[in-house]
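Engineer:
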Amino acid sequence: EATTTSDMRLIGFSDQVLGEMYEEHPYYSEGLIPVGAYRGVEAPVKTLAVMNWVFALEGLSEDVVTTLLNIFENDRASLEQVHDMAKQIDLGNLSSAPIPLHPAVERWIDLR
Numbered sequence: 008e009a010t011t012t013s014d015m016r017l018i019g020f021s022d023q024v025l026g027e028m029y030e031e032h033p034y035y036s037e038g039l040i041p042v043g044a045y046r047g048v049e050a051p052v053k054t055l056a057v058m059n060w061v062f063a064l065e066g067l068s069e070d071v072v073t074t075l076l077n078i079f080e081n082d083r084a085s086l087e088q089v090h091d092m093a094k095q096i097d098l099g100n101l102s103s104a105p106i107p108l109h110p111a112v113e114r115w116i117d118l119r
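In the working numbering, the protein residues as written are 8 to 119.
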């Protein structure tokens with residue numbers, strides 16, 4: 008949002024700083040903000056990355072969960088129109104999630 012409402016620019020981390028961060032915080036991984044992901048990004052920007060997860064209460068309707076998964080799987084183009092970073096959604100990561108999965112997610116995976 009900040010890059011669309013002001014003239015700011017993203018500055019990447021140095022390799023040294025990234026190395027120190029990975030050592031201290033192993034849950035981070037190497038990240039790269041691609042050209043065009045945000046206004047003014049004209050070259051890839053080195054950054055820290057962490058997987059994003061959608062969290063829900065166990066009691067959330069299975070229909071809602073399944074609808075979200077189907078959108079992520081089948082309507083990615085609509086999400087990418089909102090933000091280019093939606094291209095990075097990888098449902099294959101669900102099987103290695105570090106958190107318990109909603110029962111509807113487990114069933115959805117089993118059907119694939």
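For every residue, glycine included, the Cβ atom is placed at its ideal position computed from N, Cα and C.
Cutting at 8 Å between CB atoms, please list the residues of its own chain near W60, excluding the five before and the five after it.
Structural biologist: So the list reads A104, I106, once near-sequence residues are dropped.
Engineer: Measure the CB-CB distance between V57 and Y29 and report whether it falls below 8 Å.
Structural biologist: Cβ distance not < 8 Å, so V57 and Y29 don't count as in contact.
Engineer: Could you tell me the distance, in whole angstroms, from the CA atom of L86 to the CA atom of I96?
Structural biologist: Straight-line Cα distance between these residues: approximately 10 Å.
Engineer: If contacts are defined as beta-carbon pairs under 8 Å, then G26 and D91 qualify, I think. What distance do you get, rounded to the angstrom?
Structural biologist: At roughly 28 Å, the Cβ-Cβ gap does not stay under 8 Å, so G26 and D91 are not in contact.
Engineer: Name the DSSP bridge partner or partners of G38?
Structural biologist: DSSP output for G38 lists T54 as bridge partner(s).
Engineer: Is the beta carbon of A111 less than 8 Å from the beta carbon of V72?
Structural biologist: A contact, by the Cβ cut-off of 8 Å.
Engineer: Going by beta carbon distance, what residues of the same chain come within less than 7 Å of K94, once the five residues before and after it are set aside?
Structural biologist: E87, listed in sequence order.
Engineer: Pick out the complete alpha helix (DSSP H) segments inside the stretch 56-113, 4 residues or longer, and give them in chain order.
Structural biologist: Taking only runs of at least 4 residues, the alpha helix (DSSP H) segments lying wholly in the stretch 56-113 are 69-81, 83-89.
Engineer: Could you tell me the alpha carbon to alpha carbon distance between G19 and L98, rounded to whole angstroms?
Structural biologist: Computed Cα separation, rounded: 27 Å.
Engineer: Using only CA atoms, which one of R114, K53, A50 lies nearest to L76?
Structural biologist: For L76, the nearest C-alpha among the options comes from R114.
Engineer: In the structure shown, what three-state DSSP assignment does E49 receive?
Structural biologist: Looking at E49 - three-state DSSP - the assignment turns out to be coil, as it is neither helix nor strand.
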